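Each residue of the sequence shown is one higher than the one before, counting from 2 in the working numbering.
For glycine and all other residues, C-beta sits at the position ideal for the given N, C-alpha and C.
As the structure is a prediction and not an experimental result, all values here were calculated from the model.
Accompanying notes for the structure given below.
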Amino acid sequence: MKQAIFLVISLLILFSCNNSDEAYEPKSVKHVSRIDYRLSDFDFNMASEFIAYNEDYTLNNIRAVNYEFPHQNKVYETQNLTNIKYNDGFVTEFTTDYHDSKGEIEKKTVGYTLHENRITRYNNLSTKEIDYELLFDENKAQPYAKVYFQNNGLLMAVELLEWTDGNLTKMMSYAPDERHLLNADSTSDVIDINDYKNQTPILTTEIAYDSHPKVATHLEGIGEYLFVPLFSNTVDYFETENNPIHIKTTSHVSTSFSLSLDITYDMTYDRDNYPSNATVTLAGLGDEPISFILKYSY
2 MKQAIFLVIS LLILFSCNNS DEAYEPKSVK HVSRIDYRLS DFDFNMASEF
52 IAYNEDYTLN NIRAVNYEFP HQNKVYETQN LTNIKYNDGF VTEFTTDYHD
102 SKGEIEKKTV GYTLHENRIT RYNNLSTKEI DYELLFDENK AQPYAKVYFQ
152 NNGLLMAVEL LEWTDGNLTK MMSYAPDERH LLNADSTSDV IDINDYKNQT
202 PILTTEIAYD SHPKVATHLE GIGEYLFVPL FSNTVDYFET ENNPIHIKTT
252 SHVSTSFSLS LDITYDMTYD RDNYPSNATV TLAGLGDEPI SFILKYSY
């Protein structure tokens, strides 16, 4: 049941504001080394994420674990990100593997290629399957669109991105245009993003931020879903300035499943102005909101 909730949350956020006037400058630069997660009704961790860095504080590896409920000391599944390679600060590839209590389930190498005006992500370098492309003008850290593909060319979705003061503040998700959907050779080179700007999105996600230094810098450029439920993963993968404190996703289509997902963060900060704890309240998945506690260690 817990894994199912995590998966639903992640998929919703995938197709899921402004800073306050005063910015809090860090008193010293810190890098998070561990994030623990638990439901607010329990006093034991249900999942943890362990982060290790190289000497220059580029990411060395991430180990995410889920604990067997309710035994915190017994791990029943893990996910590892290793062999992370950089080129001039840009992530070019990494290996990810997933293990459950019975052994290894999946292992693959993910890759990224930087072009003149786009970044291509390959879901598996051995097959060269394109997962998505990020489109940008002059600043690759602030793309204006994310285009999802399947089977190396079948367009799945288009997401338009809006930025404010160095933060990603709006994500609008669209169904593919019929011309592109039927074209198995569609790539971002032949897709006109302007075709989508006057359409009604399927989902709109709006994000508001605090004014404190970002805690999840280790995720920037990775773009890989981790099963430890941080809820803001698809935002943290971008080079944003601050921490999300409100993420609201709204559906604009009439279906039997109407989506309105609302995630709020009540942050506690340490004396260096970095987040130390967060109470995360998730509303929209059931009759009652669900509350989680995140603890950050540096």
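Helix, strand or coil at residue i according to DSSP, with G and I counted as helix
i, result
"V236", "helix"
"T241", "coil"
"D347", "This structure does not reach residue 347, given that the chain is present from 2 up to 299, and the question cannot be answered."
"L220", "helix"
"V66", "strand"
"H100", "strand"
"S41", "coil"
"H116", "coil"
"E139", "coil"
"A48", "strand"
"S292", "strand"
"V33", "coil"
"A24", "coil"
"N74", "strand"
"V92", "strand"
Top-ranked residue by Cα proximity to residue i, from the options
i, options, result
"G90", "N81, T59, V66 and N74", "T59"
"S212", "Y77, S41, M47 and N168", "N168"
"A176", "T205, V92, E240 and F137", "T205"
"K103", "R119, D138, S127 and V76", "V76"
"Y133", "Y123, E139, N140 and S127", "Y123"
"E26", "Q151, N244, N274 and G287", "N274"
"L155", "E163, I192 and K141", "I192"
7 Å Cβ shell around residue i - same chain, five flanking residues per side excluded
i, result
"R64", "F51, T79 and N81"
Rounded C-alpha distance that separates residue i from residue j
i, j, result
"E289", "S261", "13 Å"
"N55", "E94", "16 Å"
"E130", "R39", "35 Å"
"E105", "Y99", "6 Å"
"H219", "I194", "30 Å"
"A53", "D101", "22 Å"
"Y197", "A146", "11 Å"
"T250", "S34", "29 Å"
"Y270", "Y297", "10 Å"
"V92", "I223", "7 Å"
"K109", "E221", "19 Å"
"T97", "V111", "8 Å"
"S252", "I36", "30 Å"
Proximal residues to residue i (C-beta, below 6 Å), its chain only, five neighbours per side dropped
i, result
"T114", "T121"
"G285", "S261, L262 and D263"
Enclosing alpha helix (DSSP H) for residue i [first to last residue]
i, result
"K198", "N195 to K198"
Residue range of the beta strand (DSSP E) that includes residue i
i, result
"P276", "P276 to A284"
"I192", "No beta strand (DSSP E) contains I192, which DSSP labels as neither H nor E."
"N172", "Here residue 172 is Met; the residue named in the question, Asn, does not match the sequence. Where M172 is concerned, the enclosing beta strand (DSSP E) stretches over N168 to Y175."
"V148", "A146 to Q151"
"I203", "From DSSP, I203 is part of no beta strand (DSSP E); its letter is neither H nor E."
"E160", "L155 to T165"
Nonlocal neighbours in the same chain, by C-beta distance under 8 Å from residue i, ignoring five residues either side
i, result
"D42", "S292"
Neighbour flag for residue i against chain C, beta carbons, 7 Å
i, result
"T205", "The structure shown contains no chain C, having only a single protein chain."
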